[in-house]
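Our numbering applies: residue 1 is where the sequence shown begins, and numbers increase by one.
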Amino acid sequence: MEMDGKVVLITGGTGSFGKKFVEHMLQTDVRKLIIFSRDELKQYEMSQEYKDSRLRFFIGDVRDLDRLNRAFDGVDVVIHAAALKHVIACEYNPFEAVKTNILGAQNVIEAAINQGVRRVIALSTDKAANPVNLYGATKLASDKLFVAANSYSGTKDTRFAVVRYGNVVGSRGSVIPFFHKQKKTGRLPITDERMTRFWITLDQGVQFVKESLKRMKGGEIFVPKIPTVKIVDLAYTMAPECIFEYIGIRPGEKLHEFMITEDDARRTVEFDTYYVIQPEFPWWLDGEEPYGGTPIREHFSYASDTNPQWLSQDEIKEYLGEYR
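Written as structure tokens, this is what we have:
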């Protein structure tokens, strides 16, 4: 779907992704861009930073269905980025994560159908594949809600899809700002020297969401092909002068992350730059052409430690940007 002339709303719009998404959208002919979030200070600061008459700011929480129904009135496209994302915070505040990440997801679905929103893309995470922490488990539940939502939108033209990717370079709460601050002490705490993560920039994430909006038929989980970084290589590139202190894996962490599991593989097709995990019930087959792509081999999995694409130290430096 092209954005020109459309009304677009992003939940959690004052976060790292939301701000970068706004930058991209304001370069298009979008008719209106609505920032939906619960933090009035961040909304005020954002309104001062982006002076554009197409911007609207709507205070609300995805836990509040009535507020979402009001906000979604007249909206064509919704990007659902609101979530509680901090792994350890979710471990210690589990039902708060459930209320935002699962019940909030269902509220977004209900409001989108109620108000006739045409396209909804929900942002997911690699932690939703084979989850071991509560954050990942809530996002897995959210993914399944958005995929299944296509079956009960009825006669409405509302379609839902999911975008799943890995760690975002320099986003709030990521390891890069932490390392950048911590290296001034001369010591860097590292959980485990074997740890690996998928890596993507904010610009790449936003671009992939925009491309997925054009491609979606309903029910897909879109997964980009992105590189892996070894956390100890990242630390050495950022602060080779520091002493590394290995502190052990924290609650809810994994050594490596998955974006496609073996169980997902039988429903996954591959393209040059991305994968598509197709739904169990492909709604687009009713009178439409099959999605296309190449089915992937049996027992395939897309994991950060077996990913064929790894970042060299020179490439890590390019990704670091302002944190070099």
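Glycine is no exception: its CB is placed at the ideal position from the N, C-alpha and C atoms.
Assigned secondary structure, residue i (DSSP; H/G/I helix, E/B strand, else coil)
i	result
Arg-70	helix
Met-1	coil
Phe-300	coil
Leu-84	coil
Tyr-275	strand
Thr-306	coil
Ser-53	coil
Leu-123	strand
Val-117	coil
Val-77	strand
Phe-281	coil
Val-62	coil
Whether residue i touches residue j by CB criterion (8 Å)
i	j	result
Tyr-319	Thr-201	yes
Leu-123	Val-62	no
Phe-222	Glu-262	no
Val-117	Leu-68	no
Lys-217	Arg-159	yes
Ile-88	Arg-267	no
Gln-309	Pro-224	no
Met-25	Met-3	yes
Thr-306	Val-269	no
Phe-17	Val-206	yes
Gln-106	Leu-145	yes
Arg-56	Ile-34	yes
Own chain, CB closer than 6 Å to residue i, minus 5 neighbours either side, in chain order
i	result
Arg-230	For clarity, residue 230 is Lys in the given sequence; the question names Arg instead. Same-chain partners within the cutoff: Thr-196.
Ser-153	Ile-113
Ser-304	Thr-196, Arg-197, Phe-198, Thr-228, His-256 and Glu-257
Pro-279	Val-147 and Gly-219
Pro-189	Glu-245 and Ile-247
Residues of its chain near residue i, where Cβ-Cβ distance is below 8 Å and the 5 sequence neighbours each way are ignored
i	result
Val-169	Ile-176, Trp-199, Ile-200, Thr-201, Leu-202, Tyr-319, Leu-320 and Gly-321
Val-209	Phe-21, Ile-79, Ile-121, Leu-123 and Val-163
Within-8 Å CB hit, residue i to chain C
i	result
Lys-184	Absent here is chain C; the protein component of the structure consists of one chain.
Own chain partners of residue i with C-beta closer than 7 Å, once the 5 adjacent residues on each side are dropped
i	result
Leu-65	Asn-107, Glu-110 and Ala-111
Ser-312	none
Lys-42	Thr-14
For the stretch 9-20 against the stretch 79-86, do three or more pairs of beta-carbon atoms, one drawn from each stretch, fall closer than 8 Å, so that the two count as touching? yes
Extract the residue ranges of the alpha helix (DSSP H) inside the stretch 128-204, only unbroken runs of 4 or more that lie entirely within it. 134-148 and 175-182
Going along the chain, which unbroken runs of the alpha helix (DSSP H) with 4 or more residues stay wholly within the stretch 10-45? 16-25
Stretch pair the stretch 234-249 + the stretch 268-283: three plus CB contacts closer than 8 Å: No, because fewer than three Cβ pairs between the stretch 234-249 and the stretch 268-283 fall closer than 8 Å, the two stretches do not touch.
What are the complete beta strand (DSSP E) segments, minimum 3 residues, inside the stretch 213-272? Counting whole runs of 3 or more residues, the stretch 213-272 contains the beta strand (DSSP E) stretches 221-224, 228-230, 243-246, 258-260 and 268-270.
Using a Cβ distance threshold of 8 Å, determine whether the stretch 129-145 contacts the stretch 167-181, with at least three qualifying pairs required. Short answer: they don't touch.
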